[in-house]
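Protein sequences appear in the order of chains A, B and C.
Each position in the first sequence, counted from 1, maps to that position plus 980 in this note's numbering.
Each position in the second sequence, counted from 1, maps to that position plus 307 in this note's numbering.
Each position in the third sequence, counted from 1, maps to that position plus 14 in this note's numbering.
Even for Gly, the Cβ is constructed at its ideal location relative to N, Cα and C.
To keep things clear, I will list the structure first and then write my remarks on it.
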Amino acid sequence: MSRKRFKGWGFPALALLLVLAACGGGGGGKESEGSPAPADGGSSGSGGASSPVELGITWWGPDERHQATLAALKIYSQQNPGVTFKPEYMAWDAFWQKLPTLAASKTVPDVLQMDAAYIQDYVSRGVMEDLSDIDLSGVVPDNILENVKIGGKLYGIPLSHNAQGVAYNKAALEAAGIPLPKQGWTWEEYFRWARDAKAKLPEDQYPIGDAANAWDWFQWYQASMGKGPIMSDGGKTFNLDHDLFVKFHEELSALRKDKVLPPPDLSLSFLENDPQADPMASGKVMTRGGTVGSVAALESLLPGKVDVVNVPNGPSGGGWAQSTIFLGVSSNSKHKEEAKKFVKWFITDPEGGKTLGLTRGIPINEAIYKELEPNLAAKDKLSKRLAEVASEKAMPFYPAGPGFTEWVDFYKTTMEAVMFGQKSIEDVRRDQQAGAGHRRQKQVNGSAG
Amino acid sequence: MTIFRSRWLPHLFLIAFSAVMVYPILWWLGASLKDVTELKLPRLWPSTPHWENYADGWRFSKDYTFGHFFANTLLMEAANVVGGVFTAAAVAFGFARLHFPLRGFWFSIMLLTLMLPGQVTIVPQYILYNRFGYVDSYVPLILPHYFGGGAFFIFLLVQFIRGLPRDLDDAAKIDGASVYGIFARIILPLIKPALVTVAIFTFIWSWDDFFAQVLYLSSVEKFTVGLALRMFIDQFEIAWGQLLAMSLLSVVPSVILFFFAQKHFVEGIATTGLKG
Amino acid sequence: MTHRTIAGSAAPPARSRFARSVRRYDWTGYVFISPWLVGFLLLTLWPIGQSFYLSFTDYSLLSQPVWSGGANYAKIFGGDPTFKKSLSVTVAFVLYSVPLKLLFSLLVAMLLNRNLRGMSFYRTAVYFPSLIGGSVAVAALWRNMFGKDGYVNHVLAWFGIEGTGWISNPDTALGTLVLLNTWQFGSTMVIFLAGLKQIPQELYESASVDGARPIRRFYHITLPMLSPVLFFNLVLGIIGSFQMFTASFVITPRGGPMQSTYVYAVFLYEKAFKHFQMGYASALAWVLLAIVAVLTALNFLGSRYWVFYESDGRGAK
């Protein structure tokens, strides 16, 4: 049969054609100066500060943020004649779907917004420009800057305060006659509070959510007990404390067995900030973890009912507080100096700050925040309160190190097997221990490549 | 009694079946009229319908209304459908009816392109279009439809053309028709139901092709409806009412198109008449 | 007989006449396929070749690819547990969803292939779920139906059955996606419908004269005449189901409970764009291509025994 015969020939023939096309296509392409950085490479303003410059800038966010940012860009262009912008803005999902392709094709816009969860990945692959030489004294406190440095260098200008706390449904807890969570509670108090609260709740409501499959909850536990983050050194060191791991998950398993935690098929159907599926908005669970942005969204789902405390503590503290949203400069930018000047302006200029308002959270620049404080909305107040509450005992934010996103998935899947009773904690501990060596090995290989 | 059964039973059945299939529209319409606190309730219809979700969604951005995005998308779609239908038909005719060297080889290659998951060609494709200078334009979204509209449609039409008896071609050939004449005057009219299918699918699928759109269109001015809809979904906050309202509106063009296009399936094809 | 599969052999008596005209037809064929051929050489070939090359490299997407020989393939076949898991999830999905969808859409197409009053409305209504395929609202709707508190469980409760969270339970999540996929049967159905319309009515008329019963008519007329289209739907259904992405990605984010809906395409996508291992992802893609290509080739081989092409001449089976 012809198809079968051709299939045998298909691959060599294909390979040959590929070579031909690669030569032809590649040669033609290279004439166009190795693809200029931002789409408009026409005016190659190489340095000269006064010659007109168009900066590409990209960010994610809701419409409120888009409008405020566009207005701020206009102000900058007025203050700095000769600088114009080519803005690209979209929502969170689209942004992170698009950015890898832009990075791969070296077409990342000059200025880009960054998130703490991803910045290490992009820094370690050379996408972000080192901004350490921007002078931010008097604008951002030194300890905050130290916190967000990666390998001693600054790759993104922090824009706002973020923090991790626990949100609770104040109205529902009061109605059920349950004492409210106490600021500064320890892990033991947290678990005990849950047991006591469950006694006063109806069968299909739960005091706390099941955090077994969320690796960061265990990391908060481990770090608060003084054992440090799971991943450090930009992903080179992996340190999971096996005794704490077993202790934490045995506690959760006991709670799950006693129906203090929701059944696993309910737990896994939760989707935070979804009006139907959010654990708290759906009325099923009384508490959940939340960051500044997340509790603001929760406030709009449960207006006036939400309050916040910090993440349960250990001897070393609890939760984290740090800036997690940054403005950075792309390393393939042709206008790095202009871009650096702009990112500094972004958090310094009073007029710009007023225009931007709280569209990126509570501004990192204290002077600008003071200007805005009188006009905070309810959700902004809750955000601010969370930042204060969390900062009391906060530790730094420890993201998954570069190359460890797979481990995060592994953790989730394995712990879900535990939640459904298909694996024992002891099995998982053994798997983890066995896997640790391999992971480190792979990481070393990965960074060599 | 028999008359009653044969006339009404199919209708009853079809109505029940359609109702199950259409249930989502009712849910959707109801949900699009709710405010966010009511969305979590299991009821289908809100206590007070928030029609303003539609008005607010339509004008969600200061600079553009959804009318602008609909116009963008429909224009792109018109170009896609025209290109897809005609080039796919021509290519399919070539593969199905004509003999030429390496035909089997090219056909196999074409099918193989369907089997490679698109995720791994996204980046090189982007680099290619970027080199040609077509990023932030509709070219990368439209151009592929003028190159045969994709292997799916070509293969589909090949199957339809092969289902047509060859004596029609032969008869026309004896009457002195050229290959082009056979294609245009005999084959094209006969595969009309299939061409309508290609048109519908091209329309619906390129309407839905979010990934390509997000990659290749970066100025908001050029956004399609699909991209504009995603603007409602941010990391934490989702404007649910407006999102559901506008996404319901966004399927209206496809529904209208389908409604009018499907009539063409009804017209049976009288192949016999042509044999003469 | 090299090109037999595509067009079938021309009617044998005419063979010599055709042989003479073959030379004339050579270039005309290329004229007709040129849109596809040009597009392929210009836009598709290089990206495909690039992905083939990258499958032999260590490529993080953000930095330069480094040649690594067959290391990616060695890792895949050396027992990457996630590869095995996602492949078995995908195979299960294909095995259930392809036959189910084919059968269902053929039945509905035959039902809708009548001249009843209001048929336009019925067809549009039935097609509606397929229209909203990629819409963001689908995920919300599906959660609303199959969530722990969803409509399905409310209905089950009338019968005293306590339902589970259908999409959050590892035992039922994949089945729910199969159901969703079957619910969106519209495209397959429309292709069947177009195929049914192409069957010459006179065949049925003469069969009625002969007094053939409906079942017989189905087996002796409808099925053979529809077989090219059925074959198309089968081949493309398999190819498409192996690459199923949206439903899993949107409805059960992050692979679903215990990765029970972690289909191959989602695995591959996450490898490329979340874990930044484009080299490995490319290798995964080519492995999938090989699997699907073999299945498709087998399908084409088998088609000789059951697909009937009118252009090959009636009765020549």
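Query raised in the report: Within 10 angstroms of its Cβ, does A:G1132 collect 16 or more other Cβ (buried), or is it exposed?
Result: By one-based count along the first sequence, residue 1132 of chain A stands at place 152. A:G1132 comes out exposed.
**Report entry** Residue range of the alpha helix (DSSP H) that includes C:Y218
**Finding:** For the purposes of this step, residue 218 of chain C is identified with residue 204 of the third sequence, where counting begins at 1. Segment Q215 to D224, the alpha helix (DSSP H) holding C:Y218.
Query raised in the report: When the Cα atoms are used, what is the spatial distance from C:L126 to C:L210?
Result: The count along the third sequence starts at 1 and reaches residue 126 of chain C at position 112. The count along the third sequence starts at 1 and reaches residue 210 of chain C at position 196. Rounded to the nearest angstrom, the two C-alpha atoms are 10 Å apart.
Query raised in the report: In terms of DSSP beta bridges, what is A:K1133 paired with?
Result: As a first step, residue 1133 of chain A must be located in the first sequence, where it is residue number 153. The partner list for A:K1133 (beta bridge, DSSP) reads A:I1130.
Query raised in the report: Going along chain C in order, which residues have a C-beta closer than 7 Å to the C-beta of A:K1216?
Result: As a working note, residue 1216 of chain A is residue 236 in the first sequence. Near A:K1216 there are no residues of chain C at all, since even the closest Cβ is about 16 Å away, more than 7 Å.
**Report entry** Alpha-carbon spacing of B:F439 relative to B:L346, whole angstroms
**Finding:** Counting from 1 along the second sequence, the entry for residue 439 of chain B is found at position 132. Counting from 1 along the second sequence, the entry for residue 346 of chain B is found at position 39. Their backbone Cα atoms lie some 47 Å apart in a straight line.
Query raised in the report: To the nearest angstrom, how far is it from the Cα of B:M422 to the Cα of C:V105?
Result: Stepping through the second sequence from its first residue, residue 422 of chain B is reached at position 115. Stepping through the third sequence from its first residue, residue 105 of chain C is reached at position 91. Their Cα atoms are separated by approximately 15 Å.
Query - Within 7 Å of chain C by C-beta, residues of the segment 467-501 of chain B in sequence order - result: F467, R469, G470, L471, P472, R473, V486, P500 and A501
Query raised in the report: Between which two residues does the alpha helix (DSSP H) carrying C:Y323 extend?
Result: Here the question's residue 323 of chain C lines up with position 309 in the third sequence. C:Y323 -> no alpha helix (DSSP H), and no H or E assigned at all.
Report task. Please check if any C-beta of chain B sits within less than 7 Å of the C-beta of A:G1273. Result -> The sequence position of residue 1273 of chain A within the first sequence is 293, counting from 1. Interface residue, yes.
Query raised in the report: Apart from the five residues just before and just after C:Y87, which ones in its own chain have a Cβ nearer than 6 Å to its Cβ?
Result: The count along the third sequence starts at 1 and reaches residue 87 of chain C at position 73. Excluding sequence neighbours, C:Y87 sits near A297.
Query raised in the report: Can you list the residues of chain C that A:R1105 reaches, using a CB-CB cut of under 9 Å?
Result: As a working mapping, residue 1105 of chain A is identified with position 125 in the first sequence. The answer, in chain order, is S74, L75, L76, S77 and F290.
Query raised in the report: Does any residue of chain C bring its CB to less than 7 Å from the CB of A:A1084?
Result: Here residue 1084 of chain A refers to the residue found at position 104 of the first sequence. So, interface residue.
Requested in this report: Mind listing, in chain order, the continuous beta strand (DSSP E) runs of no fewer than 3 residues lying wholly within the segment 371-402 of chain B?
Outcome: none
**Report entry** Chain-ordered neighbours of A:D1245 on chain C, where CB pairs are closer than 8 Å
**Finding:** The residue labelled residue 1245 of chain A in the question sits at position 265 within the first sequence. Here the neighbours are K162, T178, G179, S182, N183 and P271.
Report task. Indicate the three-state DSSP secondary structure (helix, strand or coil) for A:F1198 in the structure shown. Result -> As a position in the first sequence, residue 1198 of chain A is number 218, starting the count at 1. Reduced to three states, the DSSP call for A:F1198 is helix.
Query - Beta-carbon separation (whole angstroms), B:H452 vs B:K499, contact threshold 8 Å - result: Your numbering for residue 452 of chain B matches position 145 in the second sequence. Your numbering for residue 499 of chain B matches position 192 in the second sequence. Contact between B:H452 and B:K499 is ruled out by a C-beta separation of about 19 Å, above the 8 Å threshold.
**Report entry** Buried or exposed (CB count within 10 angstroms, at least 16 for buried), A:A1347
**Finding:** To locate residue 1347 of chain A, count along the first sequence from 1; it is residue 367. A:A1347 is exposed by the Cβ-count criterion.
Query raised in the report: B:W547 CB to nearest chain A CB: under 7 Å?
Result: Taking the second sequence and counting its residues from 1, the one referred to as residue 547 of chain B is at position 240. B:W547 counts as touching chain A.
Query - 8 Å contact criterion, which A:V1286 and A:N1149 should meet: CB distance rounded - result: Here residue 1286 of chain A refers to the residue found at position 306 when the first sequence is read from its first residue. Here residue 1149 of chain A refers to the residue found at position 169 when the first sequence is read from its first residue. Indeed, because the Cβ distance is near 7 Å, the residues count as touching under 8 Å.
Requested in this report: Alpha carbon to alpha carbon, how far is A:K1364 from B:V388? Give it in angstroms, no decimals.
Outcome: As a working note, residue 388 of chain B is residue 81 in the second sequence. As a working note, residue 1364 of chain A is residue 384 in the first sequence. Approximately 52 Å between the Cα atoms of the pair.
Requested in this report: Return the chain-ordered list of same chain residues with a C-beta closer than 7 Å to the C-beta of C:L188, the five sequence neighbours on each side being excluded.
Outcome: Here residue 188 of chain C refers to the residue found at position 174 of the third sequence. Cβ within range, chain order: V103, A106, F107, S274 and T275.
**Report entry** Given 8 Å, three or more beta-carbon pairs between the segment 1264-1271 of chain A and the segment 1189-1207 of chain A
**Finding:** yes
Report task. Could you tell me whether the Cβ of C:F287 comes closer than 7 Å to any Cβ of chain A? Result -> Translated into the one-based positions of the third sequence, residue 287 of chain C becomes position 273. Yes, C:F287 counts as interfacial toward chain A.
Query - Nearest-angstrom Cβ-Cβ length linking B:F490 and B:F414, presumed shorter than 8 Å - result: On the second sequence, residue 490 of chain B is found 183 positions in, with the first residue counted as 1. On the second sequence, residue 414 of chain B is found 107 positions in, with the first residue counted as 1. At roughly 18 Å, the Cβ-Cβ gap does not stay under 8 Å, so B:F490 and B:F414 are not in contact.
Query - Burial state of A:A1029, where buried means 16 or more other Cβ atoms lie within 10 Å - result: Start at 1 with the first residue of the first sequence, and residue 1029 of chain A comes out as number 49. Here the model assigns A:A1029 a pLDDT of 49, short of 50, so the residue's position is not dependable, and the following value carries that caveat. The residue in question, A:A1029, is exposed, as its Cβ has fewer than 16 Cβ neighbours within 10 Å.
Query raised in the report: CB-CB under 8 Å to A:D1411, same chain, minus the five flanking residues each way: which ones, in chain order?
Result: Your numbering for residue 1411 of chain A matches position 431 in the first sequence. Same-chain partners within the cutoff: T1394.
Query - Endpoints, beta strand (DSSP E) assigned at A:E1034 - result: As a working note, residue 1034 of chain A is residue 54 in the first sequence. It spans V1033 to W1040 - the beta strand (DSSP E) in which A:E1034 sits, taken as one unbroken run.
Report task. Assign A:H1141 to one of three DSSP states: helix, strand, or coil. Result -> For the purposes of this step, residue 1141 of chain A is taken as residue 161 along the first sequence, with counting starting at 1. Look at A:H1141 here: in three-state DSSP terms it is strand.
Query raised in the report: Excluding five sequence neighbours on each side, which residues of the same chain lie with their C-beta closer than 6 Å to the C-beta of A:W1200?
Result: Taking the first sequence and counting its residues from 1, one reaches residue 1200 of chain A at position 220. Hits under 6 Å: V1291.
Requested in this report: May I have the straight-line CA-CA distance separating B:F510 from B:Y441, to the nearest angstrom?
Outcome: Numbered from 1 along the second sequence, position 203 holds the residue referred to as residue 510 of chain B. Numbered from 1 along the second sequence, position 134 holds the residue referred to as residue 441 of chain B. Answer to the nearest angstrom: the Cα atoms are 22 Å apart.
Query raised in the report: With a CB to CB cut of under 8 Å and the five nearest residues on each side skipped, what residues in its chain are close to A:P1283?
Result: Indexing the first sequence from 1 puts residue 1283 of chain A at position 303. Cβ neighbours of A:P1283 beyond the five flanking positions: A1358.
Query - One or two residues paired with C:S100 in a DSSP bridge - result: One-based indexing of the third sequence puts residue 100 of chain C at position 86. Answer is none; C:S100 lacks a bridge partner.
Query raised in the report: Are any of the Cβ atoms in chain A nearer than 7 Å to that of C:R157?
Result: What you label residue 157 of chain C is simply residue 143 of the third sequence in a count that begins at 1. Yes, contact with chain A.
Requested in this report: Using a Cβ-Cβ cut-off of 7 Å, state whether B:W335 counts as contacting chain C.
Outcome: Numbered from its first residue, the second sequence carries residue 335 of chain B at position 28. True, the Cβ-Cβ gap to chain C drops below 7 Å.
**Report entry** Minimum C-alpha distance to A:F1390 - residue among A:R1409, A:Y1378 and A:F1377
**Finding:** Position 410 of the first sequence, counted from the first residue, corresponds to residue 1390 of chain A. For A:F1390, the nearest C-alpha among the options comes from A:R1409.
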